[in-house]
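Residue numbers (the numbering used here): 1 to 473.
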């Protein structure tokens, strides 16, 4: 259920962003336009239904999910009666919200008009009027049909694989507990990396090649099988003579005398390395894909709420946006060097645009960027460029990078700051600069401040980079 849980996390994150966006832009005339802009970009289906179950607001993706015609009006339709949501599922969804106030990862089933049966992951809560009275339910739906099928298929495939492994390519072993004499076959010797040709010895020989961190796992499994009626089951790492680390799985049975005393234990061992590596790769790939979806959602939100002033790019795409260098990159390691840096930046800019540089605005923005690099990364470098009527100042550091998930707050909430974000300085840089280009990852962050010079009409830059460059900063 890893994929379902992560999918629910994404849907919950988008719903939380919608709440925050509406709260933080309350009172501004453009808030509704921004809100709708976010809705239009959502892959998940947002809906709001009144207390009778009739839709009053949806995102464009809602109609696609429910198989409605492009020009069909869905507002006023009933989720159960008109759109095929299972009545029992919907009732349980609303009851869960009533009990907990909100709900995450609730399972809904949908029978679309075209006959397709979908499984949905639903997050939701009640929405209320100014007096706190419940007006209905709103939430976010995600189609998890494929993910659930994949999870079930993987579970079934693992069961079939387990049967195959048990019947072919397995090692066998037998342990006479009374004499502490064990016997193992050639395949088990190969799996464990034991001395070839030696098929008998004390049971302790099993432990000789066990990974040191996993010895306790094997001992606990053996003790549990000997002292209870539980079957022997264990999976652990072995270190072979050539240094290779592999995984093995074991299943066994304890035989007892008439008094219930263990007298013999035997079992099977097979190679589990490929399966373990595949599970690890799948988990890492799933997590990476989930993070990418979250990042893409944040990019869209940041673009909307900053009016395109904050642009997130890959390192390569950001390098393409830099103009002609006006000086060399200079290191800065302490606040004592900030006055010198201010002078160098103005001198370089004036050489290129004499009498046209807005000193106060440029220096204020640069100071914010330099002080943030010093505060959060212990220093960095700065360099001045010019491009199409703009002075560009690039500040680069080798710190931990900016936490992507805090960027909306760092750019929208004055005074917000953590140990790993630009905080209030970021807000100031956006206010003082015409554009701010940003590339960030653990180990390297680059902020480029662009300030238009006076007396020259700057070239209007299109949004830089390909879509894939902007969505993977």
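Every residue gets a Cβ at the ideal spot worked out from N, C-alpha and C, and that includes glycine. Note that the structure is predicted; figures quoted are calculated from it, not measured.
Membership of residue 376 in the alpha helix (DSSP H) is indicated by the continuous run 359–377. With contact defined as three or more Cβ pairs closer than 8 angstroms, the region 146–160 and the region 122–134 are not in contact. Taken atom to atom, the span from the alpha-carbon of residue 446 to that of residue 440 is near 6 angstroms.
Under the three-state reduction of DSSP, residue 189 is assigned to helix. Beta bridge pairing from DSSP links residue 138 with 48 and 125. About 14 angstroms separates the beta carbons of residue 139 and residue 66, which is beyond the 8 angstroms limit, so they are not a contact pair.
Residue state for residue 429 is assigned as helix, using DSSP reduced to three classes. Rounded to whole angstroms, the gap between the alpha carbons of residue 264 and residue 255 is 5 angstroms. Distance from residue 379 to residue 333 at the Cβ level is roughly 4 angstroms; contact confirmed, criterion being Cβ atoms closer than 8 angstroms. Looking only at 312, 260 and 247, the smallest Cα-Cα distance to residue 280 is reached by 247.
About 7 angstroms separates the Cβ atoms of residue 108 and residue 90, confirming a contact at the 8 angstroms cut-off. In this structure, the alpha-carbon of residue 359 lies about 28 angstroms from that of residue 302. Residue 373 and residue 363 have their alpha carbons spaced roughly 15 angstroms apart. At a Cβ-Cβ threshold of 9 angstroms, residue 330 and residue 383 count as neighbours. Under the three-state reduction of DSSP, residue 334 is assigned to coil, being neither helix nor strand.
Just measuring C-alpha positions, the residue of 273, 249 and 292 sitting nearest residue 267 is 249.
Looking at the DSSP output, residue 435 shares a beta bridge with 450. In this structure, residue 395 places its C-beta atom within 9 angstroms of the C-beta atom of residue 381. For residue 239 against residue 211, the beta-carbon gap comes to about 5 angstroms, under 8 angstroms, which counts as contact. In the assembly as shown, residue 298 is a buried residue. Its beta-carbon has 16 or more other beta-carbons within 10 Å. In the DSSP assignment, residue 253 falls within the beta strand (DSSP E) that extends over 245–256.
Comparing alpha-carbon positions, the option among 96, 69, 95 and 92 lying closest to residue 83 turns out to be 69. Measuring C-alpha to C-alpha distances from residue 134 to each of 155, 49 and 173 identifies 49 as the nearest. Counting only the Cα atoms, residue 150 lies some 34 angstroms from residue 222. For residue 98, the secondary structure class from DSSP, reduced to helix, strand or coil, is helix.
Taking C-beta separations shorter than 7 angstroms and ignoring five residues to either side along the sequence, residue 204 has no partners in its chain. Here residue 192 is not near residue 179, since their CB atoms are 9 angstroms or more apart.
Taking the Cα positions, residue 292 is about 44 angstroms away from residue 194.
Residue 136 and residue 390 have their alpha carbons spaced roughly 51 angstroms apart. In the DSSP secondary-structure assignment, residue 392 is bridged to 385 and 450. The beta carbon of residue 106 sits closer than 7 angstroms to the beta carbons of 93, 96 and 122 from its chain, once the five residues preceding and following it are set aside; these are given in chain order. In the structure shown, the three-state DSSP call for residue 199 is coil. The beta strand (DSSP E) runs of length 3 or more contained entirely in the region 258–318 are, from start to end of the chain, 262–271 and 310–312.
Ranked by Cα distance from residue 326, the options 355, 309 and 387 are led by 387.
Pairing residue 226 with residue 181, the inter-Cα distance amounts to about 16 angstroms. In the structure shown, the three-state DSSP call for residue 324 is strand.
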